[in-house]
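Heads up, the thing below is written out as C-alpha cells.
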Amino acid sequence: MYIAGQNFETEPHAADSVTLSVPQQLPKRRVYEQEYVRMLFNTIASRYDALNHLLSFGTDILWRRKAITLLRRYSLRHVLDLATGTADFAIRIADLKPESIVGVDLSPVMIAVGREKIARKNLEAVVSLEVGKAEELGFADNSFDAVTVVFGVRNFSNLRRGLQEIYRVLRPDGVAMVMEFSRPRVFPVRQLFGIYFENILPLLGGLFSKSRE
1 MYIAGQNFET EPHAADSVTL SVPQQLPKRR VYEQEYVRML FNTIASRYDA LNHLLSFGTD
61 ILWRRKAITL LRRYSLRHVL DLATGTADFA IRIADLKPES IVGVDLSPVM IAVGREKIAR
121 KNLEAVVSLE VGKAEELGFA DNSFDAVTVV FGVRNFSNLR RGLQEIYRVL RPDGVAMVME
181 FSRPRVFPVR QLFGIYFENI LPLLGGLFSK SRE
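Numbering follows this note's numbering, with no gaps: position 66 of the sequence shown is 66.
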C-alpha cells in the first residue's frame, strides 16, 4: 500500500493541459472492458465485502485503518473516493470529519449496497454515492482536497486517463491516495504468493462468490 501527495510532475493545473509524466513503457497490466467490469461487480455486490476480508485474510481491514491514519495529517473538507464499491472506505473516511465525501463506482448494484450501509450509519448528510467512470469524472477542476482509490486502480480501463482525471479534480495542495496489491519480490514469498494468487484464490473466490471470474 502507498500514499502519495499531489506530485505528478505535470503541466499547469488545467483540465485541457494535464499531461502526466508516465513512462512510455508501462508495466504490463490486464485491462478489462468497462461493461465487463460493471457486470462482474453487479453479480458479486452483496458478497463483496466478505469476499475481500476472506481472500485477504483480513489484511484489507488493517490496510484501510493504516490509510485512514495516514490521511489524518491532512486537512480534508471535500473527498472523492473512486471505485468506491460498497462505500466501505468512504464510510471510514467519515471518521476524519470532512464536510462531504463523494463515492463513484461503475456498478449500480454496488452503489445500491453502499447506500444501504450509509443509511444504516446515518451518514447520508456526509457521504453521497453516484455511478460513474474514473476516466470521465463529472466534477469541476480543483474540487477535492483528497482523492482515494482502494483496490480500484487495477480496473481502470485507461490508467493514464484515470490519473489525469484524479489530478484535474484535485486542488493544488490536495493529496491522492492509492491502495493496491503488488506482487512480492522476495524469495520465497513471491513464489508462495504466486501459487495462492493464481490457483487458490480463484478457487476460493469462485466457491464463495459463485463467480470464478
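Positions of the beta carbon are idealized from the N, C-alpha and C atoms, including for glycine.
Look at the alpha carbon of residue i and the alpha carbon of residue j, and state the distance between them as a whole number of angstroms.
i: Leu106; j: Val126; result: 21 Å
i: Ala134; j: Val147; result: 11 Å
i: Arg77; j: Asp145; result: 6 Å
i: Leu129; j: Gln34; result: 19 Å
i: Leu191; j: Ile200; result: Before going further, note that residue 191 is Gln rather than Leu in the sequence given. Distance between the alpha carbons of Gln191 and Ile200: 13 Å.
i: Gly138; j: Phe151; result: 21 Å
i: Phe193; j: Phe208; result: 20 Å
i: Gly132; j: Phe41; result: 14 Å
i: Ala90; j: Arg120; result: 14 Å
i: Asp81; j: Ile101; result: 7 Å
i: Gln164; j: Val149; result: 14 Å
i: Asn142; j: Leu70; result: 22 Å
i: Arg115; j: Phe187; result: 43 Å
i: Ser157; j: Glu136; result: 11 Å
i: Tyr2; j: Asn122; result: Because the pLDDT at Tyr2 is just 41, under 50, the model does not fix this residue reliably, and the value given afterwards should be weighed accordingly. So the alpha carbons of these two residues sit roughly 30 Å apart.
i: Ser182; j: Arg64; result: 16 Å
i: Val153; j: Leu204; result: 23 Å
Is residue i near the ligand PLP, going by C-beta to nearest heavy atom under 7 Å?
i: Glu35; result: For the ligand PLP, the structure offers nothing, since it holds no ligand at all.
I need the boundaries of the beta strand (DSSP E) containing residue i, first residue and last residue.
i: Thr43; result: Per DSSP, Thr43 belongs to no beta strand (DSSP E); it is in the alpha helix (DSSP H), Gln34 to Ile44.
What residues match up with residue i in a beta bridge as DSSP calls it?
i: Ile101; result: Val79 and Val127
i: Met179; result: Val150
i: Leu106; result: DSSP lists no partner for Leu106.
i: Lys133; result: Glu136
i: Phe144; result: Leu170
Which whole-angstrom value describes the C-beta separation of residue i and residue j, a residue pair presumed to lie in contact below a C-beta threshold of 8 Å?
i: Lys117; j: Ala87; result: 6 Å
i: Val109; j: Ala45; result: 4 Å
i: Tyr48; j: Gly103; result: That pair is no contact at about 14 Å.
i: Tyr74; j: Val175; result: 5 Å
Assuming residue i is part of the alpha helix (DSSP H), what are its boundary residues?
i: Glu198; result: That residue, Glu198, is in no alpha helix (DSSP H); it is neither H nor E in DSSP.
i: Gly162; result: Leu159 to Val169
i: Lys66; result: Thr59 to Leu71
i: Ala50; result: Tyr48 to Leu55
i: Ala90; result: Asp88 to Ile93
Can at least three beta-carbon pairs, one atom from the segment 92 to 103 and one from the segment 44 to 60, be found at a separation below 8 Å?
Too few Cβ pairs lie closer than 8 Å, so no.
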